[in-house]
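Q: First, the structure itself, so that you have it in front of you.
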Amino acid sequence: MKELSKTFITIVILVVFLIVSGFAEAADITSTAQGGKWSDKTTWIGGVVPTLTDNVIITSTVTANGGSYSSTPYPVVNLTINAGGKIIREKNSGGLSYLKISGNLTNNGEIIDYADYFDIDLAGNLINNGILKPRYINLIGENQQLSGTSAIECKQINLNMKDEFARAASNLIFKNCRVNSGVSTTNKKLNMNKFSLSLMADSIRYDAYYGSVSSSSEIVIPIVFDGTGILNAENSLIGGTIYGSAIIKSPSYAFFKDLTIEGNLTLDEGAKFSSQVNLQKLRVKGDFTNFADLNKDTVRVRNVKFAPRSMYLYVYGNSNNLGSTGISTVYPTTNGKTISLSGNYDAAVYIQHAENSDKPGGKVLINSEVNISGKLDVYANLEIQPGGTMNMLNKTLTSPVYVRKEQAAITNNGTINRHHRIGNSWSYRSFTAQDGMFADYELREWSDRIEGVDISVFNNQTYSGLPGSVKRWWRLSPVGTGKVKTYTLKLYYDESMLNGQKEKNLKVFRSGDKGTTWELVSIGTNATLDTLENSISIGKWNIATSMLSEFGDFVISSGDGSVPIPSPIILNLVGSTNVRLGAPNRYTIHLYNAGNTRTESFMTSLTVSDDIAFKQVEIPTNDGKIILPIDSIGSPKDHTQVFYIPYLDPNEDYAFDVIVQGVNPGTKSAKNGGTSLTLFGFFDALRSGKKEETYVDVVNKVVDLNPSEMDEYYRALGVTDYKLLTKKEKDGTGAFVVKTFIKHTVETASNANPLTKIAYKIGSAIELVGEVKDSFRRRMWHWLYKEVGLYGVEESSGKTINGKIVTSWDPNEKQGPTGYGESNFLFQANKMNYTILFENKKEATAPAYRVQIVDTLSAVFNPETVKFGTTSHSGPNYNWKMERNGNVLKWDIEGIELPPNITPPEGEGYVTFSVDLKEGLNSGTTIDNKATIVFDINPPITTNVWRNVLDTIAPQTVMTPLKYAVGDTAINVSCNSSDNVNGSGVSKYKYFASVNNEPFKFIGESYENSISFCVSDSTKNNYRFYALATDNVNNAELKVPKYAEINSIPVSNKTNELFSDQLKLYPNPTSGKITVECFTEKRTPVDFEIYSASGELVRISKLGLLEAGKGHFTMDISDLKQGVYFAKVILNQTTETFKVVKN
511 MKELSKTFIT IVILVVFLIV SGFAEAADIT STAQGGKWSD KTTWIGGVVP TLTDNVIITS
571 TVTANGGSYS STPYPVVNLT INAGGKIIRE KNSGGLSYLK ISGNLTNNGE IIDYADYFDI
631 DLAGNLINNG ILKPRYINLI GENQQLSGTS AIECKQINLN MKDEFARAAS NLIFKNCRVN
691 SGVSTTNKKL NMNKFSLSLM ADSIRYDAYY GSVSSSSEIV IPIVFDGTGI LNAENSLIGG
751 TIYGSAIIKS PSYAFFKDLT IEGNLTLDEG AKFSSQVNLQ KLRVKGDFTN FADLNKDTVR
811 VRNVKFAPRS MYLYVYGNSN NLGSTGISTV YPTTNGKTIS LSGNYDAAVY IQHAENSDKP
871 GGKVLINSEV NISGKLDVYA NLEIQPGGTM NMLNKTLTSP VYVRKEQAAI TNNGTINRHH
931 RIGNSWSYRS FTAQDGMFAD YELREWSDRI EGVDISVFNN QTYSGLPGSV KRWWRLSPVG
991 TGKVKTYTLK LYYDESMLNG QKEKNLKVFR SGDKGTTWEL VSIGTNATLD TLENSISIGK
1051 WNIATSMLSE FGDFVISSGD GSVPIPSPII LNLVGSTNVR LGAPNRYTIH LYNAGNTRTE
1111 SFMTSLTVSD DIAFKQVEIP TNDGKIILPI DSIGSPKDHT QVFYIPYLDP NEDYAFDVIV
1171 QGVNPGTKSA KNGGTSLTLF GFFDALRSGK KEETYVDVVN KVVDLNPSEM DEYYRALGVT
1231 DYKLLTKKEK DGTGAFVVKT FIKHTVETAS NANPLTKIAY KIGSAIELVG EVKDSFRRRM
1291 WHWLYKEVGL YGVEESSGKT INGKIVTSWD PNEKQGPTGY GESNFLFQAN KMNYTILFEN
1351 KKEATAPAYR VQIVDTLSAV FNPETVKFGT TSHSGPNYNW KMERNGNVLK WDIEGIELPP
1411 NITPPEGEGY VTFSVDLKEG LNSGTTIDNK ATIVFDINPP ITTNVWRNVL DTIAPQTVMT
1471 PLKYAVGDTA INVSCNSSDN VNGSGVSKYK YFASVNNEPF KFIGESYENS ISFCVSDSTK
1531 NNYRFYALAT DNVNNAELKV PKYAEINSIP VSNKTNELFS DQLKLYPNPT SGKITVECFT
1591 EKRTPVDFEI YSASGELVRI SKLGLLEAGK GHFTMDISDL KQGVYFAKVI LNQTTETFKV
1651 VKN
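Here it is as structure tokens:
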């Protein structure tokens, strides 16, 4: 019994000991200074070899070799390698060895496997700030985190955790490392949270037999990003699935291996990517934005070189390819949604509903520019929106576009440019039933070789300078050495695009010189207008003379006047009325697109009077703002700064700041009498879709480029335009100073042709900027020109601030949109932009600690649309509280420490906001806004009231009857226009003319209510004119006034007593009868007409046929009043007109 009790007590004591030991803290064991083998006691301070219950700290070099024929574990709880400490596995040192870490691994030193047989099993967190090069790292715990500043360089890291995720706690780098899972690659994931992931390899390998790429750096497990993550890949393979959105970068090459992105994917600018092997799939379930080269060029990584691999790219969201897709086949996949397509596609594009046979619906929109170099297959609906352009660039395919009619269609409301390949073959002479082109033609006869025809159709726009036509036109250009002799043509119009033209009178006009002259081609019985089919056909196949013989530009018109399509771009300038002397003054340029499509690129300029100097320009980007001092954008003496805008998206409001300062009188020559800042926009001429032609034409007038240089500059402009568009897409830079624009263009041209003289010529032109004098009536391009009048130029009215130079002001001020005149009239105020300036006056005895601003909106505003904007004091050191409570806006900042404004602008600041007006406000509505400012506990300061007045009513025009005398070679076209009583007043006039019922053409623009127009003195012509007035806030007339019209009468250049081989008229002057003697070699019809001096037909005689030889006839005009008349003789298809005096 006693033995039993003793045994029982011993067991209890042992159990208690084991329990207590289990709760005891692990010992901390540190290596000695000399280090040694892990298993030797002398390696450790205290002579104790670590066990699985110990924490280990390595301060020296410790070897962890394996046994001869067995695996050797080295168990610890937490392992820390200090700086200078090392754990190494020596070369040729036996079997497998591995660290078995139940806690965390913190490496600030080195862990290196020299035998390729040393692993780490880790159950806790990994922190790596040193060198980490074991063979494998196996994550085997739960809730594990990875972090550190250095690369993890094991051959393979296996995510074999007990739970689903290994989580990043910092940016991670894997070098020459395969990120894998030995458990399952589907349910183990690397959660990067908001951190970046970098994959790196020293090089790659290429198997020529299988055509595949391999790398020591590869990730095959799913990656999870919180929001949008950054993945850097260098010579690495990326496969599996990425959850969230990703931006993938590569300084060398990266390779895709059946990769799926569950969110959005952006491929970064300058990066290069290829498929790991042919026919790999890259699926993007969100939006795809590409700035990189994807499967484009030959892959070159060190000594490895091979052709790019092919790829299938499936995009389920919007696809915007601003780089290259190379030989990748792109599959925009609707999956029941509406998605968009934009950018450049080097190979085939296959638009589809789904990857399988399902047809869930949806469509693809093109609302900007798309270039497709391969074939386009359309298996889901494709819609080109107004303002959108699709360029089919391939000229080798006989069928570059295929549409599966039973399940898809192309709807074209924009522009399509494509090629019809003929290959000089009779079999391919016809172009019919091509979706979205609205034109059929068939070639009947041609000379030499016709390779094909370039055909373009432009919808929802009239021909440039030709508003009096249907809003659809075509351009057909033959390709090859041959000439088309005969062909038939059929054009289709849309009733929604008639643009004021009368359908029953529609005709087709052709221009062979890009709009300089127009010829009526739908004439005679062989031209058919079908108002049921909405088509006009020209030519019959069996009647050669009925066909057309030349290509060119084609428009449809009834000869009626139309209102030009207005620009959707609205400019505004916000800043103080007065300009302070010697101190910076901030002015904000607002650019707003009121349309529903993306704009083309355009330019805008700010011109100052002689007593103002530019200081700097501040352009916002996604990451902050770019500050450009004046010496980087031009000369301090420049009066004008011109800015290039890549585009504006629908309803986009882009703003940037220009800083100026007043200069002392005499610093600049004050010739204009007053201080002013004037904002201009130039964009009307660019709506034809050929903006590069406009740029080249304007630049060439100054720099005199030869034809080859013009071609180089044209191509360079297109590239530059695209580069700057890409830059805005990428980093948000929405404005460029024009010197930067030209510099990019010159560099592009020079890179293409190092021998070009464009750089010198354009560089000389830039210097003209400083020579341009300030003038309200100028071309937008006056930075390249001598000063010229506005006549004949398409220009948007400027926004002008008029004031004076002041030595000081009260910066506690409210600033708003600049309008016209003292009432600050506004035309279209979709968005009101305001700035509130505040100042701690120089008399203050201490810095202001707190600033509070309150702005109460009146009833004309919609407070739900308020957007708080930029502030003068921003960044981590400034904590603004901005809030809206109903119609009351509040800004509050503590700790601003705004000093007294002893040296302006050190004691100044500002806040900004925007707000929309309520809809339906009447013209004449007054818009007032003011604010109150409180510094610390001082009394409130009330700002000035900023007032604008709406003017939404356009002027009305009545044409003045034309004064014309027979023989005049020019007439004065004039009008009377009136604005509403409470309006801003008439500003300028656009004039339009039609000759012989051709489409009305734009003939000039003037601030005067009259313009001179040349008329013919050798042929009879009908002339019609109208004018459209615009008021001072850009309200343009929307209704064409009644035309002014004349018929000109030709006058012979022969003397009164005419003696010629054919005609003689006498007596002249006459009191009654006049006789005409004539001679003809064959039987000829003769007509005789008498006109008054005003051009009215007063007498006509059809004399019938005149026999061959000499003959004469007489007309009695004795009943006519005394005066001057004109006698017209029509003989043998020759017309002569003579001035006759009746006594």
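Under my numbering, read the sequence shown as residues 511 to 1653, first letter to last. Note that beta-carbon positions come from the ideal geometry of N, C-alpha and C, so glycine has one too.
Please go through the stretch 990-1073 and give each complete beta strand (DSSP E) segment of 3 or more residues, from N-terminal end onward.
A: 993-1002, 1017-1021, 1037-1040, 1045-1048, 1062-1067
Q: How many angstroms separate the CA atom of Lys691 from the CA atom of Lys698?
A: Note on identity: in this sequence residue 691 is Ser, with Lys being the wrong assignment. Whole-angstrom Cα-Cα distance: 7 Å.
Q: Report the three-state DSSP secondary structure of Thr1663 (helix, strand or coil).
A: An answer regarding residue 1663 cannot be provided, because it is not within the stretch 511 to 1653 covered by the chain.
Q: Less than 9 Å between the C-beta atoms of Gly884 and Tyr855, yes or no?
A: yes
Q: Quick check on Trp1401: buried or exposed, where buried means 16 or more other Cβ atoms within 10 Å of its Cβ?
A: Here Trp1401 is buried: its Cβ has 16 or more other Cβ atoms, across all protein chains shown, within 10 Å.
Q: I'd like to check one pair, Arg939 with Asp964: are the Cβ atoms closer than 9 Å?
A: no
Q: Using three-state DSSP, classify Asp1241 as helix, strand or coil.
A: Asp1241 falls in the helix class under three-state DSSP.
Q: In the DSSP assignment, find the beta strand (DSSP E) that holds Asp538 and state where it starts and stops.
A: 538-540
Q: With a cut-off of 8 Å on the beta carbons, I'd call Leu1336 and Leu1367 a contact; round off their distance for me.
A: With a Cβ gap of about 17 Å, Leu1336 and Leu1367 do not count as contacting.
Q: According to DSSP, simplified to helix, strand and coil, what is Ser755?
A: strand
Q: Taking 9 Å as the threshold (C-beta atoms), are Pro818 and Ala890 in contact?
A: no
Q: Take the Cβ of Glu916 as the centre, count every other Cβ of all protein chains shown within 10 Å, and call the residue buried at 16 or more, exposed below.
A: Glu916 counts as exposed, since fewer than 16 other beta carbons sit within 10 angstroms of its beta carbon.
Q: Along the chain, where does the beta strand (DSSP E) that runs through Ser1484 open and close?
A: Ser1484 -> beta strand (DSSP E) spans 1480-1488.
Q: Can you confirm whether the stretch 560-575 touches the stretch 585-597 when touching is taken to mean that 3 or more C-beta pairs between the two stretches lie within less than 8 Å?
A: yes
Q: Look up Lys1649 in the DSSP assignment and say whether it is helix, strand or coil.
A: strand
Q: Using DSSP bridges, identify the partner residues of Ile591.
A: Ile568, Asn617
Q: Sorted by chain position, which residues of the same chain lie with C-beta nearer than 6 Å to Asn1106's C-beta, five sequence neighbours on each side aside?
A: Pro1160
Q: Which stretch, first to last residue, makes up the beta strand (DSSP E) that contains Leu823?
A: 821-825
Q: Per DSSP, which one or two residues make a beta bridge with Leu1235?
A: According to DSSP, which records beta bridges pairwise, Leu1235 is partnered with nothing at all.
Q: Starting from Thr799, trace the beta strand (DSSP E) both ways and give me its first and last residue.
A: 798-800
Q: Measure the C-alpha to C-alpha separation of Asn686 and Ser727 and round it to an integer number of angstroms.
A: 4 Å
Q: Helix, strand or coil for Leu551, going by three-state DSSP, please let me know.
A: Looking at the sequence itself, residue 551 is Lys, so the reference to Leu does not match. Lys551: helix per DSSP, three-state reduction.
Q: Identify the continuous beta strand (DSSP E) that holds Asn901 and give its terminal residues.
A: Counting along the chain, the unbroken beta strand (DSSP E) around Asn901 starts and ends at 899-902.
Q: Answer with buried or exposed for Lys1592, where buried requires no fewer than 16 other C-beta atoms within 10 angstroms of its C-beta.
A: exposed
Q: Put Ser713 into one of helix, strand or coil per three-state DSSP.
A: Judged by DSSP in its simplified three-state form, Ser713 adopts coil rather than helix or strand.
Q: Gly1085 and Tyr1097 look like a contact to me (Cβ under 8 Å); what is the Cβ gap, rounded to whole Å?
A: 3 Å
Q: Please report the straight-line C-alpha distance between Ala1546 and Val734, rounded to a whole angstrom.
A: 55 Å
Q: What three-state label does DSSP hand Ser1558 in the structure shown?
A: strand
Q: Count the other CB atoms, across all protein chains shown, that sit within 10 Å of the CB of Ala1503; report buried if there are 16 or more and exposed otherwise.
A: buried
Q: Taking buried to mean at least 16 other C-beta atoms within 10 Å of its own C-beta, is Val548 buried or exposed?
A: Before going on, a small fix: residue 548 reads as Trp here, not Val. Buried is the call here.
Q: Quick check on Tyr1164: buried or exposed, where buried means 16 or more other Cβ atoms within 10 Å of its Cβ?
A: buried
Q: Compute the Euclidean distance between the alpha carbons of Ser706 and Ser1072, then round it to the nearest angstrom.
A: 57 Å
Q: Comparing C-alpha positions only, which one of Asp1597, Asp768, Asp712, Pro761 sits nearest to Pro732?
A: Asp768
Q: Residue range of the beta strand (DSSP E) that Trp956 falls in?
A: 949-957
Q: Check whether the stretch 1047-1058 touches the stretch 940-954, taking contact to mean three or more Cβ pairs, one atom from each stretch, closer than 8 Å.
A: yes
Q: Determine the DSSP secondary structure at Ser603, reduced to helix, strand or coil.
A: coil
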